[in-house]
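2 protein chains.
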Amino acid sequence: MTSAHEKDEGFDDTALIRKLRQLTVETDHFAEIFRTAHHLHRTDLNALTVIMDATLGGRSLSPGELAEALHLSASATTALLDRLEAAGHVVRDRSGEDRRRIELRIREPARELGRRFFGPLGTELAREWSGFTPEERQVIRRFLTATIEATVRTRGRLARGEEGHPS
Amino acid sequence: MTSAHEKDEGFDDTALIRKLRQLTVETDHFAEIFRTAHHLHRTDLNALTVIMDATLGGRSLSPGELAEALHLSASATTALLDRLEAAGHVVRDRSGEDRRRIELRIREPARELGRRFFGPLGTELAREWSGFTPEERQVIRRFLTATIEATVRTRGRLARGEEGHPS
DNA sequence: TGGGATAGTTCGACGATCGAATTAGGGAGA
DNA sequence: TCTCCCTAATTCGATCGTCGAACTATCCCA
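Sequence lines, in order, name chains A and B.
Sequential numbering from 1 applies to the first sequence in full-length UniProt numbering.
Sequential numbering from 1 applies to the second sequence in full-length UniProt numbering.
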């Protein structure tokens with residue numbers, strides 16, 4: 001289990017963690033290339049994703065809710081929305097039921113961006129995954145679910161300060 | 001295939017992409033909580049990971065190489081290294097073979113950080129993955145490899161401007 | 001030896017993000 | 001009805017990560 005060839009073919013925990021880390025790096029780099037090509041900052045693209053998800057889910061989203069989803073302050077979110085509104089991606093609508101509340105409406109340029117981001121990647125992923133059987137896909141889904149849960153649980157511990165006392 | 005229950009249990013491409021996206025979001029949030037707890041910026045932690053990987057791989061790393069790995073300018077990398085050196089994580093050593101070149105040396109506080117980041121998460125992942133058989137692990141590895149390759153390929157196309165003309 | 005290239009840093013400017021202060025709106029209790 | 005407290009979002013001034021240009025130090029080839 002020490003030769004370079006076998007090391008690349010391993011599927012013990014360490015090998016899978018290494019693959020997972022590489023996937024994270026590559027995915028982040030992909031998003032970065034996309035952002036650069038479309039003159040968007042990291043948080044701009046993240047925000048559009050959050051707003052789009054809410055829109056597709058039939059939920060309205062306020063600046064406060066966006067701030068919470070992005071872990072940004074209210075003022076940073078205001079500036080972010082200023083940028084997105086200026087770029088024509090989003091419109092702020094004052095809610096009729098509670099005039100303190102603003103609801104964010106996605107516009108077509110943002111929808112087009114979403115199609116450009118997820119379209120080619122989704123197509124390529126579908127092609128690469130086309131050889132997996134339904135049984136194999138169940139394994140993959142279980143893996144992803146388990147990995148998400150492990151990450152969320154570890155993060156919860158960390159957030160509650162159960163990871164020692166770094167401060 | 002339209003009920004909410006079945007939707008959550010799906011393993012077609014769309015369902016797997018949704019899981020993958022969620023994993024990305026949760027992983028990013030985990031990293032963010034960790035950074036906040038340790039007073040590190042995103043690029044600071046990314047840099048430490050790159051330097052640590054090079055160190056563990058027995059390779060020396062220069063600021064220029066770090067800049068390239070992080071997609072930062074040389075000057076931003078200088079500022080970043082100033083921060084990391086001030087925090088005691090890294091030391092800059094002037095290379096003996098070419099005095100233009102600096103080699104980055106990781107220090108113990110950074111190693112401890114790495115243990116705190118990957119240790120608990122790795123333990124939790126190992127626990128969650130412990131039920132997967134070797135055959136299933138091979139499926140998972142193939143999935144991760146395929147997904148990485150799809151991402152890299154799509155990104156390459158995007159970087160070469162084969163994705164339409166967004167500018 | 002001189003010139004061009006490489007490697008990294010310094011400098012001044014930009015802009016994303018922050019916390020505090022502010023403005024607008026809603027609701028409950030007296 | 002009025003007042004007070006809370007909610008929602010924005011404005012404001014400050015901080016700091018990042019950028020490109022300019023600079024310093026080093027290397028190598030003609």
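Just so it is clear, CB atoms sit at the ideal spot from N, CA and C, and this is done for glycine as well.
- For the beta strand (DSSP E) assignment, the uninterrupted runs of no fewer than 3 residues enclosed by the segment 88 to 130 of chain B are, from N- to C-terminal side, 90 to 94 and 102 to 106.
- By the neighbour-count criterion, in which 16 or more other beta carbons inside 10 Å mark a residue as buried, residue 36/B falls on the exposed side.
- Judged by pairs of C-beta atoms under 8 Å, the segment 125 to 142 of chain B does not touch the segment 83 to 95 of chain B, as fewer than three such pairs exist.
- In terms of Cα proximity to residue 67/A, the closest of 106/A, 99/A and 51/A is 51/A.
- By the C-beta density criterion, residue 79/B is exposed, having fewer than 16 other C-beta atoms within 10 angstroms.
- Straight across, the Cα-Cα distance linking residue 88/B with residue 88/A is about 45 Å.
- Straight-line spacing of the CA atoms in residue 108/A and residue 83/B works out to 42 Å.
- Going by beta carbons, residue 101/A and residue 10/B fall outside the 9 Å limit.
- In this structure the segment 124 to 132 of chain B does not lie against the segment 122 to 129 of chain A, because fewer than three pairs of beta carbons, one per stretch, are closer than 8 Å.
- Distance from residue 32/A to residue 71/B at the Cβ level is roughly 6 Å; contact confirmed, criterion being Cβ atoms closer than 8 Å.
- Per DSSP, residue 41/B lies in no alpha helix (DSSP H) segment and is marked neither H nor E.
- Not a single CB atom of chain B sits nearer than 9 Å to the CB of residue 106/A.
- Contact between residue 34/B and residue 158/A is confirmed by a C-beta separation of about 6 Å, below the 8 Å threshold.
- Distance from residue 48/B to residue 110/B at the Cβ level is roughly 5 Å; contact confirmed, criterion being Cβ atoms closer than 8 Å.
- Judged by DSSP secondary structure, residue 143/B falls within the alpha helix (DSSP H) whose first and last residues are 134 to 159.
- In this chain, residue 60/A is not harboured by any alpha helix (DSSP H), its DSSP state being neither H nor E.
- Residue 98/A counts as exposed, since fewer than 16 other C-beta atoms from the protein chains shown sit within 10 angstroms of its C-beta.
- At least one beta carbon of chain A lies nearer than 9 Å to the beta carbon of residue 10/B.
- If you draw a straight line from the Cα of residue 116/B to the Cα of residue 73/A, it comes to about 27 Å.
- Where residue 75/A is concerned, the enclosing alpha helix (DSSP H) starts and stops at 74 to 86.
- Taking residue 104/B as the centre and dropping the five residues before and after it, the same chain places the C-beta of 51, 61 and 90 closer than 6 Å to its C-beta, in chain order.
- The contact set of residue 90/A on chain B, defined by CB atoms closer than 7 Å, is empty, because the minimum CB distance reaches about 18 Å.
- Across the structure, residue 161/A and residue 160/B are spaced so that their CA atoms are roughly 45 Å apart.
- Rounded to whole angstroms, the Cβ separation of residue 144/B and residue 144/A is 10 Å, and the two are not in contact under 8 Å.
- In the structure shown, residue 71/A adopts coil according to DSSP, grouped into three states.
- The C-beta separation of residue 139/A from residue 139/B comes to about 5 Å, placing the pair in contact by the 8 Å criterion.
- Sixteen is the threshold: when 16 or more other Cβ atoms of the shown chains lie within 10 Å of the Cβ of residue 44/A, as they do, the residue is buried.
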